[in-house]
Amino acid sequence: MMWRRVKMKCKYKTTVKICHLSILNRKLKRKFQQAILEISEEEDRLNSVIYTNPSSVSSYSASTEHSEQSSQQNFSQSVAQYLHTETESSDVNL
């Protein structure tokens with residue numbers, strides 16, 4: 297993580313660590329791009345299953361619907377946890 301130190305004029309000389317927002321944005325953009333790539337790969341795999349064996353679609357779609365919901369929930373939890381830890385780690389000593 298790239299940090300920069302900022303001097304603030306207060307009663308006391310303090311140093312504040314501020315994380316660049318552009319770095320956070322890049323990391324989140326990479327995570328979203330990776331999730332989109334995984335979704336498109338899963339979609340391609342589903343299409344190949346449908347074309348090769350149409351009779352297995354109903355049972356397969358029920359299982360994939362559950363796995364999609366859990367993966368979306370896991371992804372949103374990981375993003376929320378990442379943002380929470382990043383905001384906690386920005387030390388502000390005043």
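Numbering (our numbering), first residue to last: 297 to 390. All residues carry an ideal CB built from backbone N, CA and C; glycine is no exception.
Beta carbon of residue i, beta carbon of residue j: below 8 Å?
i, j, result
"Lys327", "Val375", "yes"
Residues in its own chain within less than 6 Å of residue i by CB, not counting five upstream and five downstream?
i, result
"Met297", "Because the pLDDT at Met297 is just 46, under 50, the model does not fix this residue reliably, and the value given afterwards should be weighed accordingly. Result list for Met297: empty, nothing under 6 Å."
"Asn343", "none"
"Gln368", "none"
Apart from the five residues just before and just after residue i, which ones in its own chain have a Cβ nearer than 7 Å to its Cβ?
i, result
"Tyr308", "The pLDDT assigned to Tyr308 is 48, lower than 50, so where the model puts this residue is not dependable, and the model offers no usable value."
"Phe371", "Ala331"
"Tyr378", "none"
Can you check which of these residues, the options, is closest to residue i by C-alpha distance?
i, options, result
"Gln365", "His380, Arg322, Ile335", "Ile335"
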